[in-house]
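Q:
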Ligand code: ADP
Ligand code: MG
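Numbering (the UniProt record's numbering), first residue to last: 1 to 244.
1) Taking the continuous alpha helix (DSSP H) assigned at residue 46, which residues delimit it?
2) With DSSP as the reference, please indicate the residues paired to residue 9 in a beta bridge.
3) Under 5 angstroms from any heavy atom of ligand 1, by CB: list those residues in chain order, please.
4) Find the nearest neighbour of residue 188 within the set 198, 176 and 206, judged by alpha-carbon distance.
5) Relative to the C-alpha of residue 109, which residue among 133, 78, 130 and 118 is closest?
6) With distances taken between CB atoms, is the gap from residue 57 to residue 27 smaller than 9 angstroms?
7) Can you give me the Cβ contacts of residue 133 inside the same chain, cut-off strictly under 7 angstroms, excluding the 5 residues immediately before and after it?
8) Rounded to whole angstroms, what is the Cα-Cα separation between residue 237 and residue 231?
9) Is residue 196 near ligand 2 - that is, is its Cβ less than 8 angstroms away from at least one heavy atom of it?
10) Who are the Cβ neighbours of residue 19 in its own chain at under 7 angstroms, not counting the five residues just before and after it?
11) Any idea what DSSP makes of residue 205, helix, strand or coil?
12) Given 8 angstroms as the limit, is there contact between the stretch 165-180 and the stretch 101-116, that is, 3 or more CB pairs closer than that?
Right under this line is the structure:
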């Protein structure tokens, strides 16, 4: 048995008196594409934020490649090199071009020299189909293009694991497809991805696992065909019914 890339064990997280995550267990192997679904407020974003230490946890462990990332002496910068994040609202730097956004992390965090960062950055923009927009600023790009820059920026750090938090939720419907196509391409290339999304087309065709989170607990976890076609829990069935 090889050890999982991500191993979340009995994770608890509260905000004040509100228990947000209540004993979450989740493992991911390299190459897994895990899609996390669940009602608004169920704790999906919080779970992602616990994985890359954007928020502290109360108890339990989050281990990446066998290293507990939540221990006090853990190096958050080291973790951020290994875990990339793509946000719902893109979070691009408005004053930097597409290429500038993609090269910033490699230069500042990885210490890459500017020429190499630019060369590799152009490759990552090409991967998301945006090499021709390398010199455009975010405001000159569509939402779908901005999100593809956000993905290229995450890829540029060469992470072990990519987190996506509702990457298409802020997009006009006609722009969702281009972002989903890029994500499907990453999945095909074996990139390990933990994705919060209600894009069922993506979930059915690209996910290795679906996890249904409700009220801070994983209610059900299984391959897409099982979870979508023969869900075991009433709560899962109700939630899936509401999505249609
Ligand atoms: P989801 O992404 O599934 O919609 P979230 O993880 O964003 O859910 O939120 C889960 C719960 O935690 C919600 O009730 C939300 O109000 C609360 N919450 C999330 N972030 C914070 C925060 N920074 N401070 C206080 N409460 C928060
Ligand atoms: Mg959320």
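All C-beta atoms in this analysis are idealised placements derived from N, C-alpha and C, irrespective of residue type, glycine included.
Note that the structure is a prediction, hence the values are computed from the model and not measured.
A: Result, derived from the coordinates:
1) 44-51
2) 61
3) Those residues, listed in chain order, are 15, 20, 40, 41, 42, 43, 44, 45 and 46.
4) 206
5) Minimum Cα distance to residue 109 is reached at 78.
6) no
7) 98, 141 and 145
8) A direct Cα-Cα distance of roughly 6 angstroms separates residue 237 from residue 231.
9) yes
10) 216
11) helix
12) no
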